[in-house]
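The numbers in this note's numbering rise by one with no breaks, and the one at position 206 of the sequence shown is 206. C-beta atoms are modelled at their ideal positions from N, C-alpha and C, and glycine is treated no differently. In this text the structure is predicted, and so the values were computed from the model without any measurement.
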Amino acid sequence: MFINAVEKIVLSSPSFGIVQQFVDNQEFQIGLSSNRSHLNIEMAVQVNPPVFNENGDRQTGGFFPGIFVSGYDNKFICRYCHRILRDPVQSQCGHRFCRSCLDELLRNDAIVVCPACIDENVEEQDVGQLSLREVFPDNAVKREMYSTPAVCIFPGCSWKGRFKEYEVHERTCPFKQVACALCAQPVTDGHIEEHRRSECPERQVICDYCGTTVVFSRMNAHLETCEKLPLTCERCGKNNIPRDAMKLHLEQHCPKRIVTCPMGCEEKFQQDKFSEHLRLLMETHLAWTVQKLVDLEIVVGSTSAGSLPASNLAQVMGEIRKVEKKIQSVERQLQHAVQGRSERDSSDGAISNNKDTATPQLSPEAAAKTSLKLVEPILGVIHHELDKATLSLHALEGHYRQQQAQLDEMENQLRQQQQQLQLKDAALADLEMRLAAQEMARYDGTILWKISGFDAKKREAISGQTTSLYSPAFYSGPCGYKMCARIYPNGDGIGKGSHISLFFVIMRGHYDALLPWPFTQKVTLMMIDQNQTHKEHILDAFRPDSSSSSFKRPTTEMNIASGCPLFLPLEKLNSRQRGYLKDDTIFVKIIVDTDGLSAYTDMNPNQLGMGYP
């Protein structure tokens, strides 16, 4: 049985790796002394040394068992973490724990069943209960541990000495393993800064393209969506186009994009062929432009300033601007065509003049100039009519903007009224809640708490949505302690899933400065049996521990709850023989003994021992 306990300690320790075969091949030898209380352990196993955080502290638990290479007594082992005791304490049932392990066990409850007693299958009536006020520092075992030889377990460190000096060495050892706060990988203490700066996969780096801070391990995923990553256009081959500018390039700037002629012929071609297309179909494009302007003049001339719908105003203005741009484009193309034709034919004209000086036929240059002179008057008239239409539409646009500004002002006023109404609704709800709390408040140290819809509240507790409920506040007197009850429908701590847990809570009140602290009044917790006959109420009473923080003067809205995590088994709650749960409702009663408080709550000078002069 003793060897099995040692095997459990070794195999369950989180600091150990895989233990090799240890008896037959002499890699693990256990020798027992004559009284079977001491062990000599020699291990030739590969273990993982403990890892510290970057502050040099381990999380919780005891020392690594490998420090005692010459063996150690079983009483040096913590019964919770199964490591060598760190700051040992002993319970009344005789089991030893690390101080930090005991704090971990009691972090939610004032009293916990001893896990070592449960592991040893102790009779139920002999199972010990752990509480902070029933444990004491085990200085005797600490002195024995101090004299035990110890070694440093960090690879590369040759330190040897007594256990008394080991804890200081453990914190300052240059070979200790430190867990990186970012990636949790173990790194030697002297290398942690370099690791965090240039090796850690979870370090923060800056993207070279967009300047965004990114986790290094996610940089490849970031580059797949980085808006500033330079790309190459698949159509024209242009390089170094940012991803967020590629769409604009493809739609507006790429010379290889396919466009449709905007001048009415609907022919499609590459953008770099646009100039040639305009030159070849100049007459067709000019005729289309003139027809569009005539149609626009008819629409504008037949529409008064007050009758044009505001929704169509922007559309008409856009059409006018499009026509202006198209006219300017056509004019430029005409000039380019004339200049280009003139340059190409200048040399041919000189040669032909030498050969045919008497021929009256017009040259191509003269023909182009003649065509341009015929078009110029028409374009002048078009520009004049277009200016008139633009002025009329500008007037309509100003009227529309004025109406839109008035509408925006009215909407802003409406939003302000809605916000004020919401604030008033919230204030009214707060007043109603305060009034309801005042109506339910009692000032005699008792409260009868009705909890309806208990099955639904229990389901919410099981799912983790709402694990506990608070009662309305009640008082020990008009100027007394402010208190409430807290119930866990599905239990808490050791009672979770099997019991209803009921606790008593001290709250911060208006008159705390006048009351005696710590709180020492007797508290009785009750679950009411709703049967008409043979009532069997559940009661649990206690007097507060003056050393517990649950009963000191509150510095926050409420202290830590204190009470009974095993108040009522859930099986007994649903029993048909008892009436604790009826019509999906339970009743909980809290009684606080108010004896001796009248001197403080009544503010009578004689009761306070002051007297009159």
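Determine the contact status of residue i and residue j, defining contact as a CB-CB distance below 7 Å.
i: leucine 85; j: cysteine 93; result: no
i: serine 563; j: phenylalanine 504; result: The sequence as given places glycine at residue 563; serine does not occur at that position. Result yes, Cβ atoms of glycine 563 and phenylalanine 504 sit closer than 7 Å.
i: proline 88; j: lysine 164; result: no
i: serine 471; j: valine 592; result: no
i: cysteine 254; j: cysteine 236; result: yes
i: tyrosine 580; j: methionine 527; result: yes
i: proline 518; j: phenylalanine 474; result: no
i: serine 463; j: proline 565; result: no
i: glycine 62; j: cysteine 81; result: yes
i: isoleucine 447; j: isoleucine 586; result: no
i: lysine 256; j: glutamine 270; result: yes
i: cysteine 78; j: cysteine 101; result: yes
i: lysine 238; j: tyrosine 209; result: no
i: cysteine 183; j: cysteine 157; result: no
i: threonine 524; j: alanine 541; result: yes
i: glutamate 536; j: aspartate 545; result: no
i: lysine 268; j: isoleucine 258; result: yes
i: phenylalanine 76; j: isoleucine 153; result: no
i: isoleucine 560; j: alanine 485; result: no
i: leucine 568; j: isoleucine 538; result: yes
i: alanine 553; j: lysine 522; result: Note that residue 553 is arginine in the sequence shown, not alanine. No, they are not a contact pair.
i: arginine 196; j: phenylalanine 216; result: no
i: aspartate 455; j: aspartate 583; result: no
Any idea if residue i is buried or exposed, counting beta-carbon neighbours within 10 angstroms, 16 or more meaning buried?
i: aspartate 595; result: exposed
i: isoleucine 118; result: exposed
i: asparagine 121; result: exposed
i: arginine 83; result: buried
i: proline 201; result: exposed
i: glycine 491; result: buried
i: glycine 509; result: buried
i: phenylalanine 68; result: buried
i: alanine 110; result: buried
i: phenylalanine 136; result: exposed
i: serine 12; result: Only weak support exists for where serine 12 lies, its pLDDT of 37 falling under 50; the value from the coordinates is given anyway. Exposed.
i: threonine 225; result: exposed
i: glycine 480; result: buried
i: histidine 95; result: buried
i: leucine 391; result: exposed
i: lysine 176; result: buried
i: methionine 433; result: exposed
i: lysine 160; result: exposed
i: tyrosine 600; result: buried
i: asparagine 74; result: exposed
i: glutamate 170; result: buried
i: aspartate 138; result: buried
i: threonine 506; result: Correcting the residue type first, residue 506 is isoleucine in the shown sequence and not threonine. The residue in question, isoleucine 506, is buried, as its Cβ has 16 or more Cβ neighbours within 10 Å.
i: tyrosine 146; result: exposed
What are the boundary residues of the beta strand (DSSP E) that residue i is part of?
i: valine 168; result: Careful: valine 168 lies outside any beta strand (DSSP E), inside the alpha helix (DSSP H) at 163-172.
i: lysine 268; result: 268-270
i: cysteine 98; result: 96-98
i: threonine 556; result: Taken as a continuous stretch (DSSP letters only), threonine 556 belongs to no beta strand (DSSP E), as it is neither H nor E.
i: isoleucine 150; result: Correcting the residue identity first, residue 150 is alanine in this sequence and not isoleucine. Where alanine 150 is concerned, the enclosing beta strand (DSSP E) stretches over 149-151.
i: threonine 260; result: 258-260
DSSP beta-bridge partners for residue i?
i: cysteine 569; result: The question names cysteine, yet the displayed sequence has proline at residue 569. Answer by DSSP bridge pairing, in chain order: His499.
i: valine 588; result: Trp449, Met527
i: valine 113; result: Gln129
i: phenylalanine 504; result: Ala485, Ser562
i: leucine 539; result: Met526
i: glutamine 90; result: Arg96, Phe136
i: phenylalanine 63; result: Ile84
i: lysine 582; result: Thr585
i: lysine 160; result: Val151
How far does the alpha helix (DSSP H) with residue i in it extend, from its first residue to its last?
i: cysteine 141; result: The amino acid at residue 141 is misidentified as cysteine; the sequence shows valine. That run of the alpha helix (DSSP H) goes 139-146.
i: leucine 280; result: 274-280
i: alanine 473; result: First-last for alanine 473: undefined, no H or E at that position.
i: serine 463; result: 454-463
Closer than 6 Å: is that where the CB of residue i sits relative to any heavy atom of the ligand COA?
i: histidine 169; result: Here there are no bound small molecules, and the ligand COA is not part of this structure.
**Request:** At 4 residues or longer, and completely inside the segment 163-251: list those alpha helix (DSSP H) runs for me, N to C.
**Result:** The DSSP assignment places complete alpha helix (DSSP H) segments of no fewer than 4 residues inside the segment 163-251 at 163-172, 219-223, 243-248, in order along the chain.
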